[in-house]
Amino acid sequence: MERKGMTMSEKNYFMDGPITPDFIAGQIAGHAAKKNIGAHAIFLGQVRADEARGAKVEAIEYSAYAGMANGEISRLREEAFTKFPLNCLHVYHSTGRVAAGEISLFVFVSAAHRKESMRAMEWIVEEIKHNVPVWKKECLSDGQTRWIDGQPE
Numbered sequence: 002m003e004r005k006g007m008t009m010s011e012k013n014y015f016m017d018g019p020i021t022p023d024f025i026a027g028q029i030a031g032h033a034a035k036k037n038i039g040a041h042a043i044f045l046g047q048v049r050a051d052e053a054r055g056a057k058v059e060a061i062e063y064s065a066y067a068g069m070a071n072g073e074i075s076r077l078r079e080e081a082f083t084k085f086p087l088n089c090l091h092v093y094h095s096t097g098r099v100a101a102g103e104i105s106l107f108v109f110v111s112a113a114h115r116k117e118s119m120r121a122m123e124w125i126v127e128e129i130k131h132n133v134p135v136w137k138k139e140c141l142s143d144g145q146t147r148w149i150d151g152q153p154e
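According to the working numbering, the residues represented by the sequence shown are 2 to 154, in order.
This is how it looks when you write it as structure tokens:
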């Protein structure tokens with residue numbers, strides 16, 4: 002399993018800016034040689050161009066306390082490996098500005114069977130959403146900004 006040999010403090014799960022389709026494709030292609038995997042589940046979190054205060058969301062600026070956030074993702078990954086029979090679990094989250102239509106969260110779960118990979122995917126995405134300290138500020142088409150998910154403005 003790819004999680005061995007790495008301590009919580011060594012792994013950085015954050016990328017500056019959007020997660021590109023080329024990066025995602027490269028991660029997927031890298032698993033072709035792993036013959037014990039029978040299923041992959043992939044979650045792509047994309048910035049929506051919602052309406053807010055009569056203006057469109059043009060982008061979201063993500064920020065995180067890296068040490069704490071990386072530690073929490075590492076902890077969640079370890080828990081996922083104990084809860085589900087997984088082969089691989091990769092998590093990448095954006096920091097900085099991500100425009101509407103671009104990807105800000107990429108989670109890639111691999112297991113021998115589809116049910117395990119899909120259950121693990123649902124669990125890890127919910128845990129990331131509720132437990133990892135990431136802050137989001139919407140950048141609106143009228144030049145205004147606003148913190149979302151209960152963050153102060």
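Ideal Cβ positions, reconstructed from N, Cα and C, are used throughout, including at glycine.
Cα-Cα separation between residue i and residue j, rounded to whole angstroms
i: Glu52; j: Asp23; result: 29 angstroms
i: Thr21; j: Ile104; result: 7 angstroms
i: Asn71; j: Met16; result: 12 angstroms
i: Gly18; j: Tyr93; result: 11 angstroms
i: Ala65; j: Val135; result: 5 angstroms
i: Ser111; j: Tyr14; result: 17 angstroms
i: Met2; j: Glu79; result: Reliability fails at Met2, whose pLDDT of 38 lies under 50, so the model's placement of it is uncertain and no value is given.
i: Thr83; j: Met69; result: 21 angstroms
i: Trp148; j: Lys137; result: 6 angstroms
i: Lys5; j: Asp143; result: Residue confidence for Lys5 is low, a pLDDT of 40 falling below 50, so the modelled location carries little weight; the figure read from the coordinates is stated next. Their Cα atoms are separated by approximately 48 angstroms.
Where the beta strand (DSSP E) containing residue i begins and where it ends
i: Ser111; result: 104 to 112
i: Ile38; result: It is not in any beta strand (DSSP E) - Ile38 carries neither H nor E in the DSSP assignment.
Where the alpha helix (DSSP H) through residue i begins and ends
i: Lys130; result: 115 to 132
i: Ala26; result: 22 to 30
Cutoff 8 angstroms: residue i Cβ touching any chain C Cβ
i: Ala34; result: Absent here is chain C; the protein component of the structure consists of one chain.
Contact under 8 angstroms by Cβ, residue i with residue j
i: Val108; j: Val126; result: yes
i: Ile38; j: Ala101; result: no
i: Glu62; j: Arg98; result: yes
- Task: Taking only runs that begin and end inside the region 50 to 86, name each unbroken alpha helix (DSSP H) of 4 or more residues, in chain order.
- Result: Counting only runs of at least 4 residues, the region 50 to 86 fully encloses the following alpha helix (DSSP H) elements, listed from N- to C-terminal order: 67 to 84.
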